[in-house]
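Have a look at the structure below before the remarks.
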Amino acid sequence: MDLIDKSRFAEVSSALGKEHFGMLVGLLSSSYQEERARLVSAASNHDSKALHEAAHTIKGMAANMAAAKLAEEARRLEGYDGAFDDEITARIAELDKTADDTVAAMKAELGLI
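Below is the structure:
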């Protein structure tokens, strides 16, 4: 799966304007970090409900920004029912990498890097 849905990305970028959409792409990273903190806290506290809610928020943010792979990984994490051990830590780390790669790909697509 591609990091971004390029046709949807182009559509949103065109509708909002490249400069405005670039600003939103910049905000995606900080918004992700806020929800990531909630994921880590939920995992530490073995709180399935909080984990679900944070993953759901990330999924929505990503889907709205045409971040296809990030939305899909967050969707899978949203339904996580495994142990709160190394597996959940690894999944959060994978999500982190995807978020970073996605923001970089979006900036490149907009010609911002």
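Heads up: the sequence shown at position 20 corresponds to 29 in my numbering, and the numbers run straight through without jumps.
Think of the CB as a built atom: it goes at the ideal place given N, C-alpha and C, for glycine as much as any other residue.
Every value quoted in this text rests on a predicted model; they were computed, and no experiment measured them.
CB of residue i within 8 angstroms of CB of residue j, strictly
{"i": "Ser-40", "j": "Met-70", "result": "yes"}
{"i": "Arg-47", "j": "Ala-63", "result": "yes"}
{"i": "Glu-118", "j": "Met-10", "result": "no"}
{"i": "Ala-51", "j": "Leu-79", "result": "no"}
Where residue i sits in the DSSP three-state scheme
{"i": "His-153", "result": "This structure cannot settle anything about residue 153, because the visible part of the chain is limited to 10 through 122."}
{"i": "Leu-37", "result": "helix"}
{"i": "Asp-94", "result": "coil"}
{"i": "Leu-86", "result": "helix"}
{"i": "Asp-14", "result": "coil"}
{"i": "Leu-119", "result": "coil"}
{"i": "Ala-80", "result": "helix"}
{"i": "Gly-26", "result": "coil"}
Anticipated Cβ contact below 8 angstroms, residue i with residue j, distance rounded
{"i": "Ala-75", "j": "Ile-122", "result": "Ala-75 to Ile-122, Cβ: 18 angstroms. No contact."}
{"i": "His-61", "j": "Glu-87", "result": "6 angstroms"}
{"i": "Arg-45", "j": "Asp-95", "result": "Actually they do not touch by this definition, with Cβ atoms about 17 angstroms apart."}
{"i": "Lys-68", "j": "Arg-84", "result": "5 angstroms"}
{"i": "Val-21", "j": "Val-112", "result": "Rounded, the Cβ-Cβ distance is 15 angstroms, inconsistent with contact."}
{"i": "Ile-97", "j": "Tyr-89", "result": "7 angstroms"}
Assigned exposure category for residue i - 16 Cβ within 10 Å defines buried
{"i": "Met-115", "result": "buried"}
{"i": "Leu-36", "result": "exposed"}
{"i": "Glu-103", "result": "exposed"}
{"i": "Ala-77", "result": "buried"}
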